[in-house]
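This report concerns only the one structure given below.
Chains as they are written, first to last, in this note's numbering: chain W, 26 to 687; chain U, 596 to 915.
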């Protein structure tokens, strides 16, 4: 038995002093190249507008732990996630291990011996194997699975080849060293891979020859390390630097909130939105460099899925290329149709492992298009009507209460002591289909004895479509008017059947001094059901499924109340679509797309309707007037759609009332 | 030499009146203006144009120009503009000019402004007003260079009066072999219809998806429209399904109509469709589904099977 305390290994034992000097110069040079290139990128980011960074250290650390260390967004059931875990853990452990070795070699205390050393060797070997397996899986995926959204470039093969060679040569160096230094077997076993190579491949090789081979392998490994370090900034590996950076500094803001344009700034600069790359802020430019082109955003994008000229990944890469080439005008690389194709469903933003804000990028460029007068046709008309009639449908605002005929709906004037303000929204006020949702909601609120009121003619569009389309002036004008009205009526609690109104009232009106307790009608109705003030009876026994509205589920994280209202937890006939809850799939109406013309083959609603039909459901419940409109249309265009009813959750609940509760 | 050259559109028989409205703008710009007609067999059309106060009617008449192929038309227009030294080339805002004039602009390396509604004198040079953002705003723009191409919103300018003494008709000769050959004429489809124009009709009969196919659509929707002397409209769904041509589409992405009587057959009433009919005076809806949203907007609602109701309606309206 050897004394465990003496267990250690030589460092640079086989490398003559002059070669060590050459080695250190080489590594220093490669690090210098790395730093220089990263500095060049930083210089590009600094061309952007000041600000845009998150300043709170607490947020930085929290995010780094969740998204960089624990990699929350990378995990999912896929080969890509598995291989990334192997590569990531291998890379991190090997980097830390090598750094520790350098400290042990140069530092005042030589701690690289004994039990520490043995566990160190075992850990390095295990993670080295993980790293190699990760490389091989990545190669397998590129060669055989070839997912289109990943992107395929010969440079990726060079990178993977380099990484694999790094791993393999590392183990070779270890085995050769162990062979010529003739390590005792009880120590050798801890360096499990090196030992296995030693006793198989190197069996019978003369120690002197092994020592010569070691020098060669060591240099090969060293040169590969230097090459790797120097080329990090020019390949996908750049994200190991820029990814965590963007994760940390991306501004903290609810997902459904766009940044307000400051009118004083607009007056000074004459600029609305982003026309030139330098109009983005510095964090946004950094975020372009943090993309490693994994394609998760593209896989989730409804526009890409329906063949529209938009891929969130391509937007990021095109802008980055523009930045690299020193270009200025963003519209030279991003077409107008690309920007208009976005439904702002936030699926890309939700997927991105490094927290890139695709929707913010697109929104900023849309604002410029609006400023330049580049929007025409129905969406432009909708904006014009929001301005002139306070609703996008161009109906006279005096007809706002037409839906309530015969229902005796209390208004803020007739019932000034209301507890809840029912914010009806333009769709439920003017769209005859959605008007039924407003009526159903009112009937339920009355049944439950809720003290509520509506604004009637004083209600106007929240400005959500204007803001998403890019008309920030119109939005702010609406927001200020509405906040004023709500303040005048001393509104504290708001309930609305529209997730877009909900999101804007809750997340965006605070930017204009409007602070309210805002609830979507699903939340209030489920509370009332829970408290026994409403009965949701029993289902009709027919299969039913739910389409989660993006601005309710994904953007505001609310997925339980909608299900509770339709009794899903206790309904054996309730079915879930593959894309559900926070990972829902857009209906196609968001981002102002409701007012755009779409070719039949490019309708997101049809795709989504097919998904609902495939569950076998006879009822598709939803909780948004726009989803209701889109899904009804989608059902009409999909095979088998004629057998599926599309209803709002309030309508489902109303139809299930037990007679006694009337 | 003419300061302005106005491209006049025609349907082979006669001049399309809206294209004459550009004359008013040419007069405001000042200087002489010539009228340009391109096509084949244009004698009658050319003669009808002599009294609009132009310096000349320029006729480009050749069998090779019988069909409006944009590449050839653009080449002749550009050539004619050069030869006459025209500083401003005007056309009307139409699909024809959208097809042809940008190409002519490219050949002349001249800037183009579409949808002009007015001109203004600014700092000694002329600027042009055009609507943007669906007409909610106007942009006033200037252009550089000494030649420009404009398209004109016909509604913004008065139609001209034909009371000037007749001008000369000049043939513009060119070598047909020099024409570009990038496009090939395959066929022409014209809808010959005695029905009134959709956007101007007093009665519009419109059909939705339950009409099943083109023949049924024509029999029921067309039949009722003819009985009432009305025009035909369709929902987006009916157009998508190929039951009716694209320019029949009514709604948010189609035409907006405001007839005295609008009859909706098998239309459920999506808000996108209602956007196109909300200003109709009387809306009659026939639909099987008593819950159809259109009934909330209809003046008269008839719940029932349109396959039974419509033939009876046609029968009872038809004289004799």
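For every residue, glycine included, the Cβ atom is placed at its ideal position computed from N, Cα and C.
Looking from the CA of residue 212(W), the closest CA among 147(W), 255(W) and 188(W) belongs to 147(W).
Each of 156(W), 114(W) and 77(W) was checked against the Cα of residue 95(W), and the nearest Cα belongs to 114(W).
Excluding five sequence positions before and after residue 825(U), the CB atoms of its chain that fall closer than 6 Å to its own CB belong to 796, 798, 799 and 800, given in chain order. For residue 713(U), the enclosing beta strand (DSSP E) stretches over residues 713–717. Among the CB atoms of chain W, none fall inside 9 Å of the CB of residue 722(U). Remark: C-beta atoms of residue 564(W) and residue 599(W) approach each other more closely than 9 Å. Per DSSP, the beta-bridge partners of residue 882(U) are 898(U).
Residues of the region 442–475 of chain W with a Cβ closer than 9 Å to any Cβ of chain U, in chain order: 452, 455, 456, 457, 458, 459, 460 and 461. Under the 9 Å criterion on CB atoms, residue 365(W) is classed as non-interfacial with respect to chain U. The way I'd put it, the region 503–515 of chain W does touch the region 524–544 of chain W; three or more beta-carbon pairs between them come closer than 8 Å. Per the DSSP secondary-structure output, residue 602(U) pairs in a beta bridge with 631(U). Per the DSSP secondary-structure output, residue 64(W) pairs with nothing in a beta bridge. A straight-line Cα-Cα distance of about 10 Å links residue 671(W) and residue 571(W). Buried is the label assigned to residue 501(W), since at least 16 other Cβ atoms lie within 10 Å of its Cβ. In the DSSP assignment, residue 644(W) falls within the unbroken beta strand (DSSP E) covering 644–647. Annotation: residue 594(W) to residue 643(W) spans about 18 Å, alpha carbon to alpha carbon.
Separation of residue 240(W) and residue 326(W) (C-alpha to C-alpha, rounded to the nearest whole angstrom) is 52 Å. Under DSSP, residue 621(W) takes part in no beta bridge, so it has no partner. DSSP places residue 262(W) in the helix class (H, G or I) of the three-state scheme. Straight through space, the alpha carbons of residue 183(W) and residue 255(W) are spaced by roughly 14 Å. Neighbours of residue 419(W) across chain U, judged by C-beta separation under 8 Å: 870 and 873.
Here residue 561(W) is buried: its Cβ has 16 or more other Cβ atoms, across all protein chains shown, within 10 Å.
Below 8 Å, too few C-beta pairs join the region 609–620 of chain U and the region 658–677 of chain U to call them touching: fewer than three. Proximity of chain U to residue 658(W) at the Cβ level (cut-off 9 Å) is accounted for by 831, 832, 865 and 867, in chain order. Bridge partners of residue 542(W) according to DSSP: 518(W). Scanning the region 394–439 of chain W for uninterrupted alpha helix (DSSP H) segments of 4 residues or longer gives 403–414, listed from N- to C-terminal end. Contact annotation for residue 622(W) against chain U: 848 [CB-CB distance below 7 Å, chain order].
In the DSSP assignment, residue 726(U) forms a beta bridge with 733(U). At a C-beta separation below 7 Å, residue 613(W) has no neighbours in chain U, since its nearest C-beta there lies roughly 12 Å away. Residue 713(U) has a beta carbon lying at 9 Å or more from every beta carbon in chain W. Contact of residue 876(U) with chain W is not assigned, every C-beta pair being separated by 9 Å or more. In the displayed model, residue 783(U) falls within coil according to three-state DSSP, outside both helix and strand. Counting other Cβ atoms within 10 Å of its Cβ, residue 136(W) stays below 16 and is therefore classed as exposed. When only Cα atoms are considered, residue 62(W) and residue 341(W) end up about 20 Å apart. In this model, residue 641(W) and residue 632(W) are separated by some 15 Å (Cα to Cα). Note that the C-beta distance between residue 646(U) and residue 760(U) is below 9 Å.
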